[in-house]
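Note sheet for the following structure.
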Ligand SMILES: [Zn+2]
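In this note's numbering, the protein residues as written are 10 to 383.
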């Protein structure tokens, strides 16, 4: 979920919006300003209803952001970094850069968001009690109190990846003393909840509430996907624990080219003749950089006769290097975050080889194949 609009940072955490949120914002303004406000508070009039609906929509997203900041702040205090918060069509997500190391820590991070939603509910409910006589204040505060209560209750449903599922995971972990048992309980409950939401949504749609039903089906489907990708990531993590870069590298013996080579020669003699698409640039024993087919294709063809590899390659100092002892998971994370297709593997100044995405994928496939037959 990559944010398309960056809002700024809070406590060092980048906050972003995904474009899909604008769709929900439109729906909220339209249904509040066109339906709910005029029905509950007819004295407002259509213009004021719409304006209030827009303000209410913004406060609704602020509520979601505060909920996520609740999780994020607790995580930071527990010493776990937070990579960012994104608001999107189904709410918000705080990307926590690590797993809790104890059930208590997991519980506190999971409870941080709902605690904020509870406070927001109480604040808006209190405002509503005070400002009942003023429709322009009462209408937004009544709706915001309700929606924050709904957010609180929905998030407490005990199905992973909802907060309630995380709390369940912490509880099972604490009682059983086993982290894996906690994960299993959270995953199973997540499956039940997401499939339940989908089934209930279909039931509702058949019963006549088509929009509400479809919405529930989408939320269930989203939760199902999030739980499945989390459990796939966990399976990979446990399978790859102890695997190093040295285990995965070297499947491909990457071709080496000198830096003074002209691009035309590189294309004719290496790319077309052998079908290779990336090269280590090495002069004697000295590594100079890396050049890929994508680098070459950015140079206009008419310049290939006189442009050299050295001018186009990614130079050695700009490449992020790994040691053969580095864990493969760490190296993959670095590749993912930096958007690199390959990383030179070095010991001291000596170049041992190149770890590429293709190699990592091939390695994972082979391991998966071995796992399936064993
Ligand atoms: Zn939450």
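All C-beta atoms in this analysis are idealised placements derived from N, C-alpha and C, irrespective of residue type, glycine included.
Pairing residue 241 with residue 196, the inter-Cα distance amounts to about 11 Å. In the three-state DSSP reduction, residue 341 falls in the helix class (H, G or I). Residues 249 of the same chain have their beta carbon placed closer than 6 Å to that of residue 338, with the five preceding and five following residues left out of the count.
Note on the region 275 to 307: whole beta strand (DSSP E) runs with a minimum of 3 residues are 287 to 292, 295 to 301, in chain order. Straight through space, the alpha carbons of residue 174 and residue 182 are spaced by roughly 12 Å. Rounded to the nearest whole angstrom, the C-alpha separation of residue 79 and residue 19 is 12 Å.
Counting only residues of its own chain and dropping the five nearest sequence neighbours on each side, residue 236 has a CB closer than 7 Å to the CB of 169, 170, 196, 199, 200, 203. DSSP places residue 178 inside the alpha helix (DSSP H), whose first and last residues are 172 to 185. Pairing residue 32 with residue 98, the inter-Cα distance amounts to about 7 Å.
The closest heavy atom of ligand 1 lies 7 Å or more from the beta carbon of residue 256. Ligand 1 never approaches residue 157 closely enough for any of its heavy atoms to be under 7 Å from the residue's Cβ. Per the C-alpha coordinates, the member of 345, 244, 284, 316 positioned closest to residue 273 is 316. Separation of residue 100 and residue 53 (C-alpha to C-alpha, rounded to the nearest whole angstrom) is 29 Å. In this structure, 324 is the residue among 216, 374, 324 with its C-alpha nearest to the C-alpha of residue 353. Annotation: residue 72 to residue 362 spans about 50 Å, alpha carbon to alpha carbon. Ordered by chain, the residues meeting the criterion of a beta-carbon within less than 6 Å of a non-hydrogen atom of ligand 1 are 76, 80, 122, 164, 172. With the rule of 3 Cβ pairs closer than 8 Å, the region 157 to 164 does not count as touching the region 201 to 221. With fewer than 16 other Cβ atoms from the protein chains shown falling within 10 Å of its own Cβ, residue 334 counts as exposed.
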